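For the record, the sequence lines run as chains A and B.
The first sequence begins at 751 in the numbering used here and counts up one residue at a time.
The second sequence begins at 751 in the numbering used here and counts up one residue at a time.
Heads up, the beta-carbon is just placed ideally off N, CA and C, and yes, glycines get one too.
Quick caveat: nothing in here was measured; it's all calculated off a predicted structure.
Number of protein chains: 2
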Amino acid sequence: MARKLLLISNSTNAGEEYLAWPRGYIQDFLNSFSVKSILFIPWAGVNLVSESVEKSFDIYEERVKKIFTELGFRLNSIHREPDRLKAVNEAESVVVGGGNTFHLVAMMHQYGVMDAIHDKILGGSPFIGWSAGANVACPTMKTTNDMPICEPSSFQCLGLVPFQINPHYLDAGPAGHAGETREQRIQEFLTVNRGTTVAGLREGCLFHVDNDSLKLRGKRSLRIFQFGLGPREYTCDENLDFLLKVTAG
Amino acid sequence: MARKLLLISNSTNAGEEYLAWPRGYIQDFLNSFSVKSILFIPWAGVNLVSESVEKSFDIYEERVKKIFTELGFRLNSIHREPDRLKAVNEAESVVVGGGNTFHLVAMMHQYGVMDAIHDKILGGSPFIGWSAGANVACPTMKTTNDMPICEPSSFQCLGLVPFQINPHYLDAGPAGHAGETREQRIQEFLTVNRGTTVAGLREGCLFHVDNDSLKLRGKRSLRIFQFGLGPREYTCDENLDFLLKVTAG
Chain A
751 MARKLLLISN STNAGEEYLA WPRGYIQDFL NSFSVKSILF IPWAGVNLVS ESVEKSFDIY
811 EERVKKIFTE LGFRLNSIHR EPDRLKAVNE AESVVVGGGN TFHLVAMMHQ YGVMDAIHDK
871 ILGGSPFIGW SAGANVACPT MKTTNDMPIC EPSSFQCLGL VPFQINPHYL DAGPAGHAGE
931 TREQRIQEFL TVNRGTTVAG LREGCLFHVD NDSLKLRGKR SLRIFQFGLG PREYTCDENL
991 DFLLKVTAG
Chain B
751 MARKLLLISN STNAGEEYLA WPRGYIQDFL NSFSVKSILF IPWAGVNLVS ESVEKSFDIY
811 EERVKKIFTE LGFRLNSIHR EPDRLKAVNE AESVVVGGGN TFHLVAMMHQ YGVMDAIHDK
871 ILGGSPFIGW SAGANVACPT MKTTNDMPIC EPSSFQCLGL VPFQINPHYL DAGPAGHAGE
931 TREQRIQEFL TVNRGTTVAG LREGCLFHVD NDSLKLRGKR SLRIFQFGLG PREYTCDENL
991 DFLLKVTAG
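Structure follows, in structure tokens:
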């Protein structure tokens, strides 16, 4: 299957500059396909400024454009395009930024671009997503950590990979807090989605997918959850191509 | 408006026995209305045992029944009732347990009991909910912390109060983690739901609602969020009746 994906757990590690850690990976990835221009999807970024959601997208575009310009790429945001479907169909590559996954998915459905982006990427155009943007590459948004601040018409997502990513995966909850840990939440997910595989992608890590090959990159291991099996850890050295062969549940 | 509600942030504080801290409040609340029997809603409890979701409800019922029996109340779970609507209509009081809010709301809609519970409680029957069970007392489930493990037909909830509760409210995220803090998530919510008030209810705290009076109980303060205003803290001594007068946004 043709697919060129960079699925990034988080834009920014605590205490670092915006998009600092994945910058080199992004540059190498896009350069390997001689990409020059990028269509940016800002719809997860609802409150970079409180004035209005539309203004927040402007600020988000500026912030991301600054970095991609430094890296040598042209970037335009879909929220400025009068014909969004046309913008997708003509895009050289698609980059989906993080923020609130519910808002992102709601707008992707509302503007009818979910299928168009799916077709574009499975046609071979490179795709980058971080945080919420990595979540929407999955079959559904059911493993997001975000608050359901709005109600999407459907939880269905791009399905560029057949498993679910849990971005920002973390092991422990805050000390003295009795709310569910991330692992408990994922176990709840598995109980009602028994055929689905979940990849807990820790901060500072990403997946590089090249057709039927998947590689983990970053400094931490990956935690894989499947119903009825104990969680398993994988490092960057191990073959993870099986993740692209699991059924979508 | 007739309503008798006990809306509890969390069943259990870290390191304590199940339902230990709110036990006295539950007993006093139900005794004040001479309640003898309880209809329990277990649908948030999806994975108390991995065997099956139905079996998980059995275990959940047992766990909660043990405590309510000790307190002197009869408890039956709705998942054993052949006619769920009839069970709601004939209930003396309704208790909704915590767990996954998406699963709870999905089943409440699937079995068509949302409106029936709403009418029952606004007719004067006492209602207790903890965690997910406190969330469903709100206009929608949009301020839950839970993972969207399944897709409810609607996010609409009971609307027994006109504001949104964020249960298990906590101030800081885990150290070194770059994911959104709870406050950031609530600010995202407010950006797209500007007319709605959110109450961050910390663990070990509850709301006691008696018609148009609302009291905070517990050892921590309450954090109130409204769009365009800074967050405000309220203690148990302060009058919080205004929360019952805010518009539902």
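Cutoff 9 Å: B:Pro792 Cβ touching any chain A Cβ: Taking Cβ atoms only, chain A never reaches closer than 9 Å to B:Pro792, which makes this a no.
Interfacial residues, the region 924–952 of chain A to chain B, with Cβ spacing under 9 Å: Against chain B - using a Cβ distance shorter than 9 Å - the residues of the region 924–952 of chain A are Pro924, Ala925, Gly926, His927, Ala928, Gly929, Glu930, Arg932, Gln934, Arg935, Ile936, Gln937, Glu938, Phe939, Leu940, Thr941, Val942, Asn943.
Contact set between the region 910–921 of chain B and chain A, restricted to residues whose Cβ is under 7 Å from the partner: Cβ contacts with chain A come from His918, Leu920.
Given B:Gly1032 as reference, the closest of B:Val846, B:Arg982, B:Pro917 once Cα atoms are compared: Examination of residue 1032 of chain B is not possible in this model, given that chain B is present from 751 through 999 alone.
Identity of the residues DSSP links to A:Tyr984 by a beta bridge: In DSSP, A:Tyr984 forms a bridge with A:Leu972.
Separation of B:Gly879 from B:Asn895, as counted between CA atoms: So the alpha carbons of these two residues sit roughly 16 Å apart.
Closer than 9 Å to chain A by CB, B:Thr997: No, B:Thr997 lies away from the interface with chain A (no Cβ there is under 9 Å from its Cβ).
Continuous alpha helix (DSSP H) assignments of at least 4 residues falling wholly in the region 834–889 of chain A: Contiguous alpha helix (DSSP H) elements confined to the region 834–889 of chain A occur at 834–839, 851–860, 864–872, 882–885, taking only those with 4 or more residues.
Element boundaries [beta strand (DSSP E), containing B:Ile788]: That run of the beta strand (DSSP E) goes 787–791.
CB contact flag (A:Thr946, A:Gln914, <9 Å): With a cutoff of 9 Å on beta-carbon distance, A:Thr946 and A:Gln914 are scored as near each other.
Beta carbon of B:Phe783 nearer than 9 Å to that of A:Ser800: Contact check for B:Phe783 against A:Ser800 fails: the beta carbons are separated by 9 Å or more.
Proximal residues of chain B, C-beta to C-beta of A:Lys805 below 8 Å: The contacting residues do not exist; A:Lys805 stays about 11 Å from chain B at best.
Local Cβ density within 10 Å of A:Gly765, reported as buried at 16 or more and exposed below that: With fewer than 16 other Cβ atoms within 10 Å, it is exposed.
Neighbour list for A:Ser800 in chain B, Cβ cutoff strictly below 7 Å: Close to A:Ser800, with beta-carbon spacing below 7 Å, are these residues of chain B in chain order: Thr941.
B:Ile817 - containing alpha helix (DSSP H), residue span: 803–820 is the span of the alpha helix (DSSP H), which, as asked, contains B:Ile817.
A:Val911: first and last residue of the uninterrupted beta strand (DSSP E) it sits in: Element bounds for A:Val911: n/a, residue is neither H nor E.
Short Cβ contact (9 Å threshold) for A:His927 with B:His927: Not closer than 9 Å, so no.
Test: A:Lys969 CB closer than 9 Å to a CB of chain B: No, because no Cβ of chain B sits closer than 9 Å to the Cβ of A:Lys969.
Per-residue DSSP class, three states only, for B:Arg932: Collapsing the DSSP output to three states places B:Arg932 in a helix.
Chain B contacts made by the region 761–775 of chain A, where a contact means CB separation under 7 Å: Identification of residues in the region 761–775 of chain A having a C-beta nearer than 7 Å to some C-beta of chain B yields Thr762, Asn763, Ala764, given in sequence order.
Chain A contact for B:Phe905 (CB, 9 Å cutoff): At least one CB atom of chain A sits nearer than 9 Å to the CB of B:Phe905.
Buried/exposed call for A:Phe1001, threshold 16 Cβ in 10 Å: A query on residue 1001 of chain A cannot be resolved here, the shown segment of chain A reaching from 751 to 999 and no further.
Contact check, B:Ser759 vs B:Leu951, beta carbons under 9 Å: B:Ser759 is a Cβ neighbour of B:Leu951, given a cutoff of 9 Å.
Beta-ladder partner(s) of A:Tyr919, from DSSP: Answer is A:Arg952, bridged to A:Tyr919.
A:Thr890 versus B:Leu966 - alpha carbon distance: For A:Thr890 and B:Leu966, the distance between alpha carbons rounds to 38 Å.
Buried/exposed call for A:Asn961, threshold 16 Cβ in 10 Å: When all chains shown are included, A:Asn961 counts as exposed.
Beta-carbon proximity of A:Ser904 to A:His859, cut-off 9 Å: Yes, they are a contact pair.
Cross-chain neighbours of B:His859 in chain A, by beta carbon under 7 Å: Going along chain A, no residue has its Cβ under 7 Å from B:His859, so there is no contact; the nearest lies around 12 Å.
Beta-carbon spacing of B:Val911, B:Leu994 below 9 Å: Yes; because the gap between Cβ atoms is below 9 Å, this pair is in contact.
Any C-beta of chain A under 9 Å from that of B:Glu811: Judged by the 9 Å Cβ criterion, B:Glu811 is not in contact with chain A.
Rounded straight-line distance, which links the Cα of B:Trp793 to that of A:Lys969: Roughly 39 Å between the two C-alpha positions.
Rounded separation between B:Glu938 and A:Met857 - CA only: Computed Cα separation, rounded: 15 Å.
Simplified DSSP state of B:Ile828, which is helix, strand or coil: Of the three classes helix, strand and coil, the one that applies to B:Ile828 here is helix, per DSSP.
CB-CB length for B:Val785 against B:Phe823, believed under 8 Å: About 7 Å; that satisfies the 8 Å criterion.
Reduced DSSP category for B:Asp991 - H, G, I as helix; E, B as strand; rest coil: The three-state secondary structure of B:Asp991, taken from DSSP, is helix.
Alpha-carbon spacing of A:Arg944 relative to A:Asp987, whole angstroms: If you draw a straight line from the Cα of A:Arg944 to the Cα of A:Asp987, it comes to about 28 Å.
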